[in-house]
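Working notes, structure below.
There are 6 protein chains.
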Amino acid sequence: MAAKRVLAIGAHPDDVEILCSGTLAKLVKAGHKVTVAHVTNGDVGHYFIPAKELAEIREREAAEAAEAIGADAIGFGLHDFGVYDDWDTLHKFTDAIRKAKPDVIITHGPTDYLFEHIKVGQITVAASYAAGCPNIKTENDFHDNIPPIFFMDTVGGIDFKPTHYVDITDVMDIKRMALSKHQSQLKWMKERWDTDLQELMESVGRSRGIQSGVKYAEAFTQYQVYGRFKADSILPI
Amino acid sequence: MAAKRVLAIGAHPDDVEILCSGTLAKLVKAGHKVTVAHVTNGDVGHYFIPAKELAEIREREAAEAAEAIGADAIGFGLHDFGVYDDWDTLHKFTDAIRKAKPDVIITHGPTDYLFEHIKVGQITVAASYAAGCPNIKTENDFHDNIPPIFFMDTVGGIDFKPTHYVDITDVMDIKRMALSKHQSQLKWMKERWDTDLQELMESVGRSRGIQSGVKYAEAFTQYQVYGRFKADSILPI
Amino acid sequence: MAAKRVLAIGAHPDDVEILCSGTLAKLVKAGHKVTVAHVTNGDVGHYFIPAKELAEIREREAAEAAEAIGADAIGFGLHDFGVYDDWDTLHKFTDAIRKAKPDVIITHGPTDYLFEHIKVGQITVAASYAAGCPNIKTENDFHDNIPPIFFMDTVGGIDFKPTHYVDITDVMDIKRMALSKHQSQLKWMKERWDTDLQELMESVGRSRGIQSGVKYAEAFTQYQVYGRFKADSILPI
Amino acid sequence: MAAKRVLAIGAHPDDVEILCSGTLAKLVKAGHKVTVAHVTNGDVGHYFIPAKELAEIREREAAEAAEAIGADAIGFGLHDFGVYDDWDTLHKFTDAIRKAKPDVIITHGPTDYLFEHIKVGQITVAASYAAGCPNIKTENDFHDNIPPIFFMDTVGGIDFKPTHYVDITDVMDIKRMALSKHQSQLKWMKERWDTDLQELMESVGRSRGIQSGVKYAEAFTQYQVYGRFKADSILPI
Amino acid sequence: MAAKRVLAIGAHPDDVEILCSGTLAKLVKAGHKVTVAHVTNGDVGHYFIPAKELAEIREREAAEAAEAIGADAIGFGLHDFGVYDDWDTLHKFTDAIRKAKPDVIITHGPTDYLFEHIKVGQITVAASYAAGCPNIKTENDFHDNIPPIFFMDTVGGIDFKPTHYVDITDVMDIKRMALSKHQSQLKWMKERWDTDLQELMESVGRSRGIQSGVKYAEAFTQYQVYGRFKADSILPI
Amino acid sequence: MAAKRVLAIGAHPDDVEILCSGTLAKLVKAGHKVTVAHVTNGDVGHYFIPAKELAEIREREAAEAAEAIGADAIGFGLHDFGVYDDWDTLHKFTDAIRKAKPDVIITHGPTDYLFEHIKVGQITVAASYAAGCPNIKTENDFHDNIPPIFFMDTVGGIDFKPTHYVDITDVMDIKRMALSKHQSQLKWMKERWDTDLQELMESVGRSRGIQSGVKYAEAFTQYQVYGRFKADSILPI
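Protein chains in written order, with the numbering used here: chain D, 1 to 237; chain W, 1001 to 1237; chain H, 2001 to 2237; chain C, 3001 to 3237; chain G, 4001 to 4237; chain F, 5001 to 5237.
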């Protein structure tokens, strides 16, 4: 199998780490090239650290987390609560996708817990199509592919009926390590909302594992519309 | 990959051929052992041929169709409109499953067009569990597996949201051949209901192909309950 | 609030313990009278213990588990794989319900992992209506109520969108104790299927807890059809 | 338009009157021949009238109600809580359908409030297919049609997403009259359960009317599986 | 129980009154503080009254309606058809929520009949999260809560499967009074569209009452995503 | 039946031709006046033709295709990937609808394969309401109707559960002709993506025909919210 380029687009720094970094680690181990994108700089995700300082901290954390997975990190440079479906945003997404030239994209689905997550998923879908169209002009050249898309699990696994489960048992340490890089979030969520993100991730992973007969798993649905997926060559028995 | 035993359970002779024989042919080509089961003997499926004679014809057609695929054919010996959820029927299904000892089962799902199809699916689910339980006594010894189940497409592809598509382009001739063995049905459906089963099969196959980016495809959903499926080892990118 | 009678009807001994015994323990603590029913005697739930002996073991385990919760245990006396929708079974359910005279019933819902669970839920719904009709004659006198019904979570929490979560954090020890009484199942599931039922229960409970903002929770849906539920007197803010 | 034969199959005497007798009255007025069937004799539908006496009362009431609509009444002769999916019941339904030879059938759908309603719908679907098959032998000769089916609204309109609404404003008096014939039910429901069936019917009819822009309406879904419906000749604008 | 702050956000003046003012009246009676918000000034909701004059009339009507309930009224000051998902609108919503500091929010859900209703619901969800984040700067200080949200019924009760019903029988007079304050709408809807809003409200309320076993009810669903709801302490039997 | 005005609004030139031009041709034949609208000028729909030149080609193709159906063609003048839910776009849609003054609208539904299709559907819904409101000022005078809306099939027929099928067998030649006018698309899709749009259209049409008992059909759902549809006068048997 030829190495592929995988682009995981999460709304905020840490979303990808919580929801699908185990799968990304497995893809890296299998020889694929993985890029982790965070659409916003995460500048609202804290109680008292000012936005600008926070953004810097979180960009650094995102870079370290991606490194733990063996992936590249990129940011789209939007502000938290700054994702809106308009021409500029579409072009930002489109150019970032063109730069990464993914063979497959992973992003948020339509039932996640934040409206911003949902919008990131919608704009990613649109931009990944635009990226393949020469007449849409951005800094980077157009992509020669309109790639398949997988939607990652929702936070807490609520209202999500997976079509795919991935066994992440043997990369759980990498996932734990990647998430541990987001210290600003781990501390804030604990102090402000009494939420232990590591334990949440661990428990949801175990729950998805129980459902699919392994120790730990991550769950996905595939985006199934015309032109975005291909029949298997055989039934995966 | 080790060769596996695949059991496809259709309600009537010809259901499996219409709905998933392309996939079965691919599994045979890949070295797996496939058994095609028809629960009833099809003795009501004609306008004027008497039941007993019709049953004989259809058993013969089923055998020839299975042979075209490279599969074995078995019948559970029930009458058309004779499938009910009771102790005897459960035991018949259980024993037949124990004889085939499948690693995976394919059967009808909950939205197909005949109540008898739906019941075959339900009883198959129950019996495939019973087959693995030593305290349920039937002629054949208990099975050491409670296998995963896939539900095949509905007739006409109505009200069915696939989770899996299989590319059957290169085995369409085998599928056409297998279906052609059911001459009693092809003629009856044409004369009585003005339905060309070959063309129906061809059109639905093409339609599923369009949806999944290939020439011809068959569609399935996986039965996802506790204990019946396992996480993939990696995301199928 | 007046003490109420709660009847939890699980298909097999241990289903209620796994899926809702925390909630039952809370109801007992709140002064309600709880009865735990197992429809079958569980005589197929083991690898090598013969059916009759197994049934005795499991009745005993069921009694001990109910005692741990502070509930009564009753069995409907059917065999495993012996639940079918017929006149006799309806009357057995009806009479058992009349004996317990519940103000509310908890049972399996339509998406659980065993067809037998689903059928227990369906027949319970029918029988709980029949129990209130004098012209249906059984040993016990008719019930003066057609009670509301809650469906408990599915095994593994798959394909279940809860409408109600109950915080069971402070009764988890009771739930663990109740489940521990089903030694025949804990050992069999571990040895035969490598499943640790206690850990499964613990993990699903934690996962439902994460979803609903507490340490451990159990999930339910309410059966919402005409005549079976009543508006709240105020929005539960 | 040629006159057609319409068969409405309700589980119990009064179900059809409550749920779709306005539509039936309109069909009668348009020149169609309508038959109202009640599967059971309603012998459990009362608090203290003995079953046999009650069945006689209800058969009489059913006849009078059908007459008010301008329809025929037939009973399948089963007991309340006596509807099970087995060979005998299928044949009873099949023979009754063959006698009525309907061009269209109306019955209960899969989300109604009584399991017996749901089963009546399921067996009707199966039997209406069997009725067209010569090799299924019953007293009446086979039917030359496998008719389209509409499912009527649920009691209270709960969990029912209509695909069709019918304006019954100008036949509401007929509907009120038809329902008024079921005095045994009107009184029992009022005295035992404090339910005014006439007002319930009136309110649900008004609610369905509000939804569809008329004074009073009844709601339906069409049973959409292969072979059971036909494309419109033009979009109903 | 401590008094709580409840904020009901409707798209236009009169939406809240039609869809949930009975529940609000009950909350007021129970000692809670209720604020009724209308996002737009309603300046398009008439046939011939000019926008500016109409907005003044409707603000007055909104104030009187809220007073009838015992609630405060606030307007977000947008124009009809002026609700779009952008930065300014988010900040307007956020600041209004911060001013009201609600413990619980009621707003429109995703299946209501106007796109503007749906967008108000989406932006409310986003803004209620933003309101709790110090790094989002608006005139009012940040809120210390990311409150639970309930979605009110749709107009006409179409395509809405409630999870909660509230008995409003004893406050129907207050609801009638509150709605009666919207004279501009009652007259316009009657003259222009032949719709009697009072009767519509009355009929839907009665229909929801029939479904839930009371005289009049209002229906809701709870917004169930991570972090927005909490398990009950006991099953509401 | 009086002639009606039908407005079909597709996102791009060719969408309407692929998805519902058979139905439109039938409406034209029945004497109705049909307008085909394309929201964008299609300037991104090619591999190497520059945007401006492409837009001119596609406007011409759209005009010819509409002519083949017997319809008028109009463009809203937006760019591809230029459809966003904002004030200006709403007004453009509103004014176009006012100009066409439709009795019924056909547009894209919420599950189609491009986000731009979905948004066109959403804005059409909003604008068709705004068009009837005098206080929304655009170039054309307000419309006296808030028309019913039908959603056309998705591309490939994926994730679409039709409520209406229209038999287009006798106008298939017109549909083929109309689509053939979009030569820029037929060639581009073939050369760039190896997709034969004519064959795709033909196959989906045949598949919808099989489902609905005719040779070729098109599928629709009706937009069912308050105020947008009316009960039938009789059940369409």
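For each residue, glycine too, the CB sits at the ideal point set by N, CA and C.
Would you report the Cα separation of Gly-3022(C) and Lys-3052(C), rounded to the nearest angstrom?
30 Å
Could you give the first and the last residue of the continuous beta strand (DSSP E) run that contains Ala-5003(F)?
First-last for Ala-5003(F): undefined, no H or E at that position.
Taking all protein chains shown into account, do 16 or more other C-beta atoms lie within 10 angstroms of the C-beta of Glu-5199(F), making it buried, or fewer, making it exposed?
exposed
In terms of DSSP beta bridges, what is Lys-2033(H) paired with?
Arg-2005(H)
Return the Cβ separation of Ile-4210(G) and Gly-3156(C) in integer angstroms, given the expectation that the two are a contact with Cβ distance under 8 Å.
5 Å
To which residues of the same chain is Ala-100(D) closer than 8 Å at the C-beta, ignoring the five residues directly before and after it?
Arg-5, Leu-7, Thr-35, Ala-37 and Ile-74
With distances taken Cα to Cα, identify the nearest neighbour of Tyr-113(D) among Ser-2212(H), Phe-2229(H) and Gln-2222(H).
Ser-2212(H)
Please report the Cβ distance between Arg-5228(F) and Ile-5118(F), rounded to the nearest whole angstrom; I am assuming they are in contact, meaning their Cβ atoms lie under 8 Å.
The Cβ separation is near 18 Å, so there is no contact.
What residues are listed by DSSP as bridge partners for Leu-78(D)?
Thr-40(D)
Please list the partners that Ile-5239(F) has in chain G, where partner means a Cβ-to-Cβ separation under 9 Å.
With chain F covering only 5001 through 5237, there is no way to say anything about residue 5239(F).
Can you pull the chain C neighbours of Leu-4200(G), defined as C-beta to C-beta under 7 Å?
Ile-3210
Please classify Gly-5031(F): is it buried, with 16 or more other beta-carbons within 10 angstroms of its beta-carbon, or exposed?
exposed
Leaving aside the five residues before and after Cys-20(D) along the sequence, list all residues of the same chain whose C-beta is less than 7 Å from its C-beta, in chain order.
Ala-8, Ile-106, Met-152 and Glu-218
Over what stretch of residues does the beta strand (DSSP E) that includes Val-2104(H) continue unbroken?
2104–2108
Can you tell me where the alpha helix (DSSP H) holding Glu-4199(G) begins and where it ends?
4197–4212
Segment limits, beta strand (DSSP E) that includes Asp-167(D)
164–167
Does any CB atom of chain C fall closer than 7 Å to the CB of Arg-4192(G)?
no
For a cutoff of 7 Å on Cβ pairs, would you count Arg-1206(W) as touching chain F?
yes
Decide if Trp-3188(C) is buried, meaning its Cβ has at least 16 other Cβ atoms within 10 Å, or exposed.
buried
Quick check on this structure: which residue in Lys-3215(C), Thr-3163(C), Ala-3002(C) and Val-3125(C) has the alpha carbon closest to the alpha carbon of Leu-3027(C)?
Ala-3002(C)
Closest by C-alpha distance to Lys-4269(G), when choosing among Ser-2233(H), Tyr-2223(H), Tyr-2216(H) and Gln-2222(H):
Since the first residue of chain G shown is 4001 and the last is 4237, residue 4269(G) is not available in this structure.
Beta-carbon contacts of Asp-4080(G) that lie in its chain and below 7 Å, excluding the five residues immediately before and after
His-4012, Thr-4040, Gly-4042, Asp-4043, Val-4044 and Gly-4045
Same chain, Cβ closer than 6 Å to His-982(W), neighbours up to 5 away in sequence not counted
For residue 982(W) there is no data in the structure shown, the boundaries of chain W being 1001 and 1237.
Does Gln-222(D) have its Cβ less than 7 Å from a Cβ in chain F?
no
Is Phe-3081(C) close to chain H? Criterion is C-beta to C-beta, closer than 7 Å.
yes
What is the DSSP secondary structure of Ile-5057(F), counted as helix, strand or coil?
helix
Compare the Cα-Cα distances from Gln-1185(W) to each of Ala-1025(W), Ala-1065(W), Lys-1033(W) and Leu-1024(W) and report the closest residue.
Ala-1065(W)
DSSP beta-bridge partners of Ile-1123(W):
None, per the DSSP bridge assignment.
Check the Cβ of Ser-4233(G) against every Cβ in chain H and list those closer than 7 Å, keeping chain order.
Asp-2167
What would DSSP say about Asp-5095(F), mapped onto helix, strand or coil?
helix
Taking 7 Å as the threshold (C-beta atoms), are Thr-2154(H) and Gln-2222(H) in contact?
no
Assuming contact is defined by CB atoms lying nearer than 7 Å, are Phe-1093(W) and Ala-1071(W) in contact in what I supplied?
no
7 Å Cβ cutoff, Val-1155(W) in contact with chain H
no
Can you give me, in chain order, the residues of the stretch 135–150 of chain D that have a beta carbon less than 8 Å from any beta carbon in chain B?
Annotation note: the requested chain B is absent from the structure, which comprises protein chains D, W, H, C, G and F.
Beta-carbon proximity of Ser-2203(H) to Arg-208(D), cut-off 7 Å:
no
Cutting at 6 Å between CB atoms, please list the residues of its own chain near Ala-4062(G), excluding the five before and the five after it.
Pro-4013, His-4038 and Ala-4073
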